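See structure below.
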Amino acid sequence: MKVNTMNPAAWRGGGGAERMLLLLLLLLAPVACDVFDRALDVEAPSRIPASDLEDPARATLLVNGAISDFDCAFGAYVVATGVLADELEDATQTAARWAYDRRDIDANRDALYATSGCIGLGVYTPLSVARWSAENVLTKLEGSIDAQMPAGVNRLSLLATAAAYAGYSHLLLGEAFCTGVLLDANLQPGGEVPREELFRRAEARFTRAIEAAQASANAEILNMARVGLARVRLNLGNTAGALEAARSVDANFDARVMTASGVSSRRENRVWAQSNPQSSFNVSVAPQFQGLTVGGQADPRVPAQQTSQTSPTGIRVWAQTKYATAGSPIPIASRDEALLVIAEIEGGQTAVDIINQFRATAGLPSFTSSDPVEIQQQVIEERRRELFLEGHRFYDLVRLNLPLVPAPGTPYRNGGVYGNTTCLPLPAIERLNNPNFGA
Numbered sequence: 018m019k020v021n022t023m024n025p026a027a028w029r030g031g032g033g034a035e036r037m038l039l040l041l042l043l044l045l046a047p048v049a050c051d052v053f054d055r056a057l058d059v060e061a062p063s064r065i066p067a068s069d070l071e072d073p074a075r076a077t078l079l080v081n082g083a084i085s086d087f088d089c090a091f092g093a094y095v096v097a098t099g100v101l102a103d104e105l106e107d108a109t110q111t112a113a114r115w116a117y118d119r120r121d122i123d124a125n126r127d128a129l130y131a132t133s134g135c136i137g138l139g140v141y142t143p144l145s146v147a148r149w150s151a152e153n154v155l156t157k158l159e160g161s162i163d164a165q166m167p168a169g170v171n172r173l174s175l176l177a178t179a180a181a182y183a184g185y186s187h188l189l190l191g192e193a194f195c196t197g198v199l200l201d202a203n204l205q206p207g208g209e210v211p212r213e214e215l216f217r218r219a220e221a222r223f224t225r226a227i228e229a230a231q232a233s234a235n236a237e238i239l240n241m242a243r244v245g246l247a248r249v250r251l252n253l254g255n256t257a258g259a260l261e262a263a264r265s266v267d268a269n270f271d272a273r274v275m276t277a278s279g280v281s282s283r284r285e286n287r288v289w290a291q292s293n294p295q296s297s298f299n300v301s302v303a304p305q306f307q308g309l310t311v312g313g314q315a316d317p318r319v320p321a322q323q324t325s326q327t328s329p330t331g332i333r334v335w336a337q338t339k340y341a342t343a344g345s346p347i348p349i350a351s352r353d354e355a356l357l358v359i360a361e362i363e364g365g366q367t368a369v370d371i372i373n374q375f376r377a378t379a380g381l382p383s384f385t386s387s388d389p390v391e392i393q394q395q396v397i398e399e400r401r402r403e404l405f406l407e408g409h410r411f412y413d414l415v416r417l418n419l420p421l422v423p424a425p426g427t428p429y430r431n432g433g434v435y436g437n438t439t440c441l442p443l444p445a446i447e448r449l450n451n452p453n454f455g456a
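When you read off a place in the sequence shown, starting at 1, and then add 17, the result is the number in the numbering used here.
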């Protein structure tokens with residue numbers, strides 16, 4: 018029977034035992050409430066109060082959090098832009114993913130690129146979170162002093178790291194999006210700006226990272242920032258500045274990488290999670306990157322394996338094997354990239370020597386030419402192979418004015434035609450929710 022607690026008569030209808038029980042409950046209620054209140058006052062040991070994160074002593078935690086946010090965003094960026102470009106093609110039945118593959122992103126129609134997280138191959142939200150995380154800790158470190166750091170913690174080294182990751186977040190937002198927004202000194206978003214402003218902010222962050230890394234002897238972050246500086250200056254058309262930055266990268270620097278592991282989906286190498294010959298066939302290596310050779314020899318820099326799988330949409334799936342496990346790292350900034358910048362800008366015999374350095378490492382036949390045009394074209398070809406699935410190809414199509422393949426207007430296998438998207442529109446969520454938009 019359901020008791021009608023809104024009807025007082027319902028509380029008077031029972032016998033003596035019921036009335037005694039009710040009286041006992043009423044007497045004990047204040048005590049029970051007090052005990053319950055005290056229980057609620059206990060802080061969960063797994064939670065860190067927000068105020069604690071304002072403590073400079075927590076700076077290492079915040080920097081590590083910013084790196085984690087970037088790593089997850091970067092993995093999604095590599096896959097999403099690889100599909101947008103010509104490195105990968107979608108092999109799923111999920112229509113929401115096809116806009117990447119079809120190159121016809123619509124800000125008012127497509128939500129995946131705008132609001133999905135990094136596991137779901139979102140681009141804007143994960144990179145925006147990564148940028149805010151890095152800018153937040155950078156601001157705190159700029160406003161603190163060395164004496165506030167715990168023993169053994171170097172404030173300038175942490176500052177250099179935060180600045181470098183802030184630089185890369187701005188850089189990737191600029192390479193992916195046609196326009197963007199910048200954060201002000203209070204970490205609030207401003208109005209719409211062209212992508213060049215994102216590049217300039219990235220340049221400023223890399224410059225600050227270099228200063229702080231030199232002062233704190235943080236060689237890895239120093240070289241990461243130098244590679245980033247060369248990349249963003251190349252994007253801005255400052256070839257002299259790009260060459261200077263690329264030449265300054267230490268010869269013994271290998272790479273700063275996105276770390277990964279199989280402990281959780283967020284930590285997985287996103288390329289591997291989407292494409293591997295054992296378990297995942299969500300994307301396939303695109304035809305332009307299948308079976309590449311040099312002088313008849315298979316090119317090990319672009320490892321792709323034809324599988325026995327045919328996608329539901331009719332693609333014979335080729336799996337990438339560059340990243341063999343969930344824990345395989347992805348290069349963010351490398352000495353190889355710096356050498357490619359030098360080869361592109363200097364050309365001539367310098368470029369030929371760099372090409373042959375790469376080929377010797379890969380066990381491939383050498384390249385010989387004295388024709389400037391042929392050399393430049395070969396640098397571009399070597400670049401797409403050396404940097405395969407490292408997050409460069411999408412903006413390279415723009416910067417180097419390369420043809421889109423398949424060409425715009427070509428029928429798309431799942432309906433419609435291929436578009437000409439070479440930069441993503443600023444998402445509707447930004448336009449609708451940013452109070453300063455249009456300012």
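For each residue, glycine too, the CB sits at the ideal point set by N, CA and C. This one's a predicted model, so the numbers in the text were calculated from it and none came from an experiment.
Excluding the five sequence neighbours on either side, which residues of its own chain have a C-beta within less than 6 Å of the C-beta of residue i, listed in chain order?
i	result
residue 127	116
residue 79	154
residue 407	348
residue 267	240
residue 428	434
residue 171	233
residue 74	167
residue 63	Note on residue 63: pLDDT 46, under 50, position unreliable in the model; the coordinate value appears next. Result list for residue 63: empty, nothing under 6 Å.
residue 163	172
residue 371	356 and 360
State the CB to CB distance for the pair residue i and residue j, rounded to an integer number of angstroms; the pair is presumed to be in contact (CB under 8 Å).
i	j	result
residue 316	residue 262	Actually they are not in contact, since the Cβ atoms of residue 316 and residue 262 sit about 28 Å apart, beyond 8 Å.
residue 386	residue 392	5 Å
residue 120	residue 421	7 Å
residue 333	residue 323	7 Å
residue 355	residue 396	That pair is no contact at about 14 Å.
Can you tell me whether residue i is buried or exposed, with buried defined as 16 or more other CB within 10 angstroms of its CB?
i	result
residue 188	buried
residue 390	exposed
residue 417	exposed
residue 60	Only weak support exists for where residue 60 lies, its pLDDT of 41 falling under 50; the coordinates are left without a value.
residue 204	exposed
residue 388	exposed
residue 292	buried
residue 209	buried
residue 403	buried
residue 303	buried
residue 337	buried
residue 146	buried
residue 211	exposed
residue 424	exposed
residue 280	exposed
residue 40	In this predicted model, residue 40 has a pLDDT of only 36, less than 50, meaning its place in the structure is not dependable enough to derive any value.
residue 449	exposed
residue 150	buried
What does DSSP give as the partner residues of residue i in its beta bridges?
i	result
residue 194	441
residue 321	337
residue 385	In the DSSP output, where bridge partners are listed per residue, residue 385 has none listed.
residue 348	274
residue 107	300
residue 418	DSSP lists no partner for residue 418.
residue 200	206
residue 485	Nothing about residue 485 can be read from this structure; the chain reaches only from 18 to 456.
residue 311	314
residue 327	333
Which residues in the same chain as residue i place their Cβ atom closer than 8 Å to its Cβ, once the five residues preceding and following it in sequence are excluded?
i	result
residue 216	187, 188, 191, 249, 252 and 253
residue 237	270 and 273
residue 156	202 and 204
residue 257	none
residue 76	154, 157, 158, 161, 166, 170, 172 and 175
residue 148	183, 186, 187, 190 and 200
residue 298	108, 292, 324, 326, 328, 334 and 336
In chain order, what residues of the same chain have a beta carbon less than 7 Å from the beta carbon of residue i, not counting five sequence neighbours either side?
i	result
residue 107	100, 114, 115, 117, 118 and 300
residue 102	410, 411 and 414
residue 122	116, 130, 438, 441 and 442
residue 259	247, 250, 251, 358 and 362
residue 173	229, 232 and 233
residue 339	320, 405 and 406
residue 136	282 and 283
residue 306	104, 319, 321 and 405
residue 451	198 and 206
residue 289	340, 342, 343 and 345
residue 226	177, 180, 181, 184, 238 and 242
residue 152	183, 200 and 204
residue 330	108, 110, 430 and 431
Would a check of beta-carbon distances place residue i closer than 9 Å to chain C?
i	result
residue 270	This model lacks chain C altogether, as it is built from one protein chain only.
Sufficient close CB pairs (3 or more, under 8 Å) joining the segment 230-250 to the segment 267-274: The segment 230-250, when compared against the segment 267-274, does touch it at the 8 Å Cβ threshold.
The segment 128-141 touching the segment 435-446, judged by at least three CB pairs closer than 8 Å: Yes, the segment 128-141 is in contact with the segment 435-446.
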